[in-house]
Structures are given as C-alpha cells and as structure tokens.
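Read top to bottom, the protein sequences are chains A and F.
If you read the first sequence in the numbering used here, its first letter stands for residue 378, the second for the next number, and so on.
If you read the second sequence in the numbering used here, its first letter stands for residue 25, the second for the next number, and so on.
Don't be surprised by glycine CBs; every beta carbon is placed ideally from N, CA and C.
Keep in mind that this is a model prediction, so the values were computed, not measured.
Beneath this line is the structure, given in structure tokens, with notes to follow.
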Amino acid sequence: MPYLRDTAEYPTRYKRETNMVKNITIFTSNTCGYCQMVKKYLGTKGMTYDEVNIDKHPHRQAEAQSLSGALTVPVTVVTRHDDSQEVIVGYNLARLAPAVA
Amino acid sequence: MADSTEVPKHDVIIVGTGPAALTAAIYTTREDIETLLFERGVIGGLAAVTDKIDNYPGFPDGVEGLQLSSDLQKQAERFGAVIELGEVSAIHDEGEFKRLTTTSGDMLAKAVLIATGSDYKKIGVPGEKEYYARGVHYCATCDGAFYRDKRLVVVGGGNSAIQEAIFLTRFASHIDLLVRSTVKASDVLQHELDDYVKQGKVTVHLGTTTDEIVGSGEDPTAGVNKVIGTKDGQKVEFETDGVFVFVGLMPNSQFIKNTVIRLDQIGFVITDEHLHTNMKGVFAAGDIRSGATMQIASAAGEGATAALKIREFLEGRPHPIPN
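Structure representation (structure tokens):
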C-alpha cells in the first residue's frame, strides 16, 4: 500500500526504504578464508554481491586499501539507495549482519 | 532468563568448527546424534587460514587449508550437521542440560564439545597494536597479497612462522625472519626454507628479539617502515613495509573463564583421558585442550574420540567426572 507524506509513518518508512541495500562489493583474495565466510554469510541471507579478487585484479588493491584504510581482505562495501556506504573490514559478523539487514 | 521449555534443545552443541569440531560432528551425525555447531570466525579455524598443510594423512602432495576445511565441512553437513554463524558467550550447568548463551539466544544441549581452538599470540611490543592491519598482520593468506614486491619482516621460528614465511615469498621481494632463539620448525620446513635463503629471498636472523614496530609517520594509516630489535645486546634495525607475526598460540577460552570449567595456567581447558571436563556433559578436544599437540591430525583424532565419549555419555554410560 502506498504511503502518504502526510502520514505519521512517512519519515520512518521513507528512511527505511532509502536505506535499503542497493549493492554489495567484496574485495577478496584467492587464499583468504575469511573472504569465504563473508560470501557464505551473504549467501545464507540470499544476498547477491560483486566480488573483486585482488589476486586477479591487482590494480584494484589500492581501491580496497583506500576504502578500508587497511592492508587486508575481506573488505565489504555496502552501498544503500541513498548512496551512503558502510565499509566492513575483515569478517566481522557484529558489523556485517546489521549492515545488510 | 527464559524458561527451559521455551529454549531450543539439542543433543550436542559443538563450539567451534575447526578440524576437531568438524570431525566430531561427522562422527556424531553419522550416528544420528543431532548436532549443532557454532562458529564466530572462519569455518575450519586456523587450518582454513593456513596456506598449505603437508602433514595431514592422505594427501601425498599436501592440501590447501581452505580446501581441507571446506571438505570437512561438506562431509559433516552431508550427515546432517548444522553450522550456525554466531558466538557462544557462556555455558551454565543446569543438570540434564547445559544452557549456552549465544548470539542466537539461549540454547540447551545434553552434551557440549568445546573445540574453539587457539589463535595467534601477539608479541606485545610498541607499534604492534597501533599498526594492526596497517602493516602488522597475523594472517598471511589474507593479507600477503598487499605486499607484492615489498620487503617484509616475519617474526617467529616455529612451524607456523616458517610455513607462512615461505608462503609470503610468492609476494615479497625479500623477507627478514626474526627468530628469538633458534628455528624450531620441522626438518622438512627448514629444508624448504633453506632453498629460499640460498635464493636470497629470505634472511634468517637467529637470537634476534623484536622490540618495536615503527611507522612511517604520525599517521598510523601510513603503514610501517622498520622493525627495531636486539641481537647480541646490540640494537638492530630492519627496513620493511610490513610485519607478519607467528609466535605461538593462545587459547580461545575467554567465554568460559567465569565458569567452573577448569583451565590451566595459560587458559587451555583441562580434561581427563576421556576428554571430559569437570563440568558433567562438557567435553573438549583439539588445540583448546590442555596438553594438545597443536596438530591438525591430532585435533581430528581428538574430535573422533570426543564424539565416541559423548555418545557413551548420552547413552548413560558415563565415566567418573574429574574433580
């Protein structure tokens, strides 16, 4: 049911919908066990994602570093419909789970 | 606290999913003992983040740690084991059932296997914490790729340090291996290391302590640029772009520190010869167990033993509980 801007629930629903996940990108490497865990977790939630493997695409390593400020993978970038981004470094369920909820 | 009748009940809950845990799950589920496993980190534990495992029986050419872990997981799941991604934060003895506090809520289990393994120790020197993941690392298979054609320092002289230093040669231009006393890795690994030393890829510095990790500037994101150590009473410096630390293991037993389950001085779980802890119905196996050999093959064996002992316990054939 469409909601109206003059209803009391508009601000909450508007915020929720603009904050929905638009896409997820995971920076990974061939040998990284924690990267598999991030992919597995998103798989259990039925979520799709783009994967950037820095062994296959070394030129994108700097991008992962720039986003995370760290020299490690996995780096998971959750982009929302309002184009805000959340960057999760490592396999950190406490941050990953709410970020994609 | 929720009433027991509302809390999910399980035959066995295994905390951890390393080789001990997954082997135990293969054994319990093959005997139709319903089994739930909890994993807060990576399925396979430290084995999953080890590049290559050369001493696990049945793999004449060795096996990648990630592959072995994945296969163990598949084997356990084939028989019905269920893995929950989450954390157990406490275990309480409620008689017939143990109550586990988890990220998925409270759960009850007739028997519990603690198989949380261990993690790499920190060295506790200035700079280690400040530059964590920004030049100081504990997982070569995760972070090694960031050091293509860079200089590295690896700290440690045991099997893990040598194994990971060898792995890192595929990326690094040169590795300084800082060993506090002597190299204690297996002969096979030492011979393999010798090849890299002869090629000039690795320089081994025996009797060298690691005293400080120094950054490129005040900003920790700028990374590290040298390690300061001591050799023969003299200060020594090693220029480097990153530091990988493998100086032994510490037990993942924080979640049971405030329970009655007995731990040794370091924090490993004390069991009897049946792998039973002093809390009735709670067992321990693998690297978390006091006296464990820290070998994947041993962990798998202990997992099998624990599963058989758990079966005996569930069938009402328990042995005496240690004091």
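Per-residue contacts from residue i into chain F (C-beta, under 9 angstroms)
| i | result |
| --- | --- |
| residue 397(A) | Near residue 397(A) there are no residues of chain F at all, since even the closest Cβ is about 22 angstroms away, more than 9 angstroms. |
| residue 438(A) | 169, 170 and 172 |
| residue 431(A) | 169 and 170 |
| residue 450(A) | 166, 167, 169 and 170 |
| residue 408(A) | 73, 75, 88, 89, 90, 164, 165, 166, 168, 169 and 191 |
Distance between residue j and residue i (C-alpha atoms, nearest Å)
| i | j | result |
| --- | --- | --- |
| residue 469(A) | residue 66(F) | 10 angstroms |
| residue 126(F) | residue 174(F) | 42 angstroms |
| residue 287(F) | residue 97(F) | 28 angstroms |
| residue 45(F) | residue 33(F) | 19 angstroms |
| residue 453(A) | residue 161(F) | 19 angstroms |
| residue 438(A) | residue 431(A) | 6 angstroms |
| residue 447(A) | residue 247(F) | 9 angstroms |
| residue 303(F) | residue 121(F) | 11 angstroms |
| residue 124(F) | residue 312(F) | 18 angstroms |
| residue 211(F) | residue 188(F) | 15 angstroms |
| residue 21(F) | residue 214(F) | This structure cannot speak to residue 21(F), because chain F is shown only from 25 to 347. |
| residue 228(F) | residue 460(A) | 49 angstroms |
| residue 429(A) | residue 159(F) | 22 angstroms |
| residue 379(A) | residue 450(A) | Note on residue 379(A): pLDDT 43, under 50, position unreliable in the model; the coordinate value appears next. Answer to the nearest angstrom: the Cα atoms are 41 angstroms apart. |
| residue 25(F) | residue 104(F) | At residue 25(F), the pLDDT of 49 sits below 50, so the modelled position is not reliable; the number obtained from the coordinates is stated separately. Approximately 30 angstroms between the Cα atoms of the pair. |
| residue 151(F) | residue 297(F) | 42 angstroms |
| residue 475(A) | residue 413(A) | 19 angstroms |
| residue 41(F) | residue 415(A) | 16 angstroms |
| residue 171(F) | residue 315(F) | 36 angstroms |
| residue 256(F) | residue 222(F) | 24 angstroms |
| residue 203(F) | residue 180(F) | 5 angstroms |
| residue 317(F) | residue 330(F) | 16 angstroms |
| residue 194(F) | residue 270(F) | 18 angstroms |
| residue 132(F) | residue 266(F) | 45 angstroms |
| residue 53(F) | residue 433(A) | 39 angstroms |
| residue 219(F) | residue 74(F) | 21 angstroms |
| residue 473(A) | residue 37(F) | 24 angstroms |
| residue 95(F) | residue 107(F) | 14 angstroms |
| residue 226(F) | residue 217(F) | 8 angstroms |
| residue 467(A) | residue 445(A) | 10 angstroms |
| residue 262(F) | residue 239(F) | 12 angstroms |
Identity of the residues DSSP links to residue i by a beta bridge
| i | result |
| --- | --- |
| residue 199(F) | 176(F) and 226(F) |
| residue 286(F) | According to DSSP, residue 286(F) bridges with nothing at all. |
| residue 462(A) | 456(A) |
| residue 451(A) | Per DSSP, none; premise fails for residue 451(A). |
| residue 137(F) | 38(F) and 307(F) |
| residue 258(F) | 255(F) |
| residue 370(F) | One cannot answer for residue 370(F) here, as it falls past the ends of chain F, which runs 25 to 347. |
| residue 240(F) | DSSP output for residue 240(F) lists no bridge partner at all. |
| residue 348(F) | Absent from the model: residue 348(F). The displayed extent of chain F is 25 to 347, so no value can be given. |
| residue 129(F) | 126(F) |
| residue 275(F) | 142(F) |
| residue 268(F) | 161(F) and 178(F) |
| residue 248(F) | 239(F) |
| residue 33(F) | 132(F) |
Neighbouring residues, chain A, relative to residue i (Cβ below 7 angstroms)
| i | result |
| --- | --- |
| residue 41(F) | Here the premise fails: no neighbours, minimum Cβ distance about 10 angstroms. |
Contact set between residue i and chain A, taken where Cβ atoms lie within less than 8 angstroms
| i | result |
| --- | --- |
| residue 37(F) | Near residue 37(F) there are no residues of chain A at all, since even the closest Cβ is about 18 angstroms away, more than 8 angstroms. |
| residue 320(F) | Residues of chain A passing the Cβ test: none, with the nearest at roughly 14 angstroms. |
| residue 85(F) | Simply none; closest approach about 17 angstroms. |
| residue 266(F) | 448 |
| residue 109(F) | 414, 417, 418, 421 and 470 |
Chain F contact residues for residue i, given Cβ-Cβ distances below 7 angstroms
| i | result |
| --- | --- |
| residue 447(A) | 157 and 158 |
| residue 475(A) | None at all; the shortest Cβ gap to chain F is about 12 angstroms. |
Interface residues of chain F facing residue i [CB-CB closer than 8 angstroms]
| i | result |
| --- | --- |
| residue 411(A) | 65, 66, 73, 163 and 166 |
| residue 424(A) | Going along chain F, no residue has its Cβ under 8 angstroms from residue 424(A), so there is no contact; the nearest lies around 14 angstroms. |
| residue 466(A) | 157 |
- Touching by the beta-carbon criterion (3+ pairs, under 8 angstroms), the region 165-175 of chain F and the region 405-417 of chain A: yes
- Query: Residue ranges of each alpha helix (DSSP H) run of no fewer than 4 residues wholly in the region 56-127 of chain F, ordered along the chain?
  - Reply: 89-102
- contact_flag[the region 57-64 of chain F, the region 150-160 of chain F] where n(CB pairs < 8 angstroms) is 3 or more: no
- Message: What ranges does the beta strand (DSSP E) occupy inside the region 392-447 of chain A, keeping only unbroken runs of at least 3 residues that lie completely in it?
- Response: 398-405 and 427-430
- Considering only residues of the region 281-345 of chain F, which uninterrupted beta strand (DSSP E) runs meet the minimum length of 3 residues and lie entirely inside it, listed in chain order? 306-308
- Task: Could you tell me whether the region 84-96 of chain F touches the region 135-144 of chain F, where touching means 3 or more Cβ pairs closer than 8 angstroms?
- Result: no
- Query: Is the region 65-84 of chain F touching the region 319-327 of chain F, taking contact as three or more C-beta pairs under 8 angstroms?
  - Reply: yes
- Message: With a threshold of 8 angstroms, are at least 3 pairs of Cβ atoms found where one atom belongs to the region 138-147 of chain F and the other to the region 275-289 of chain F?
- Response: yes
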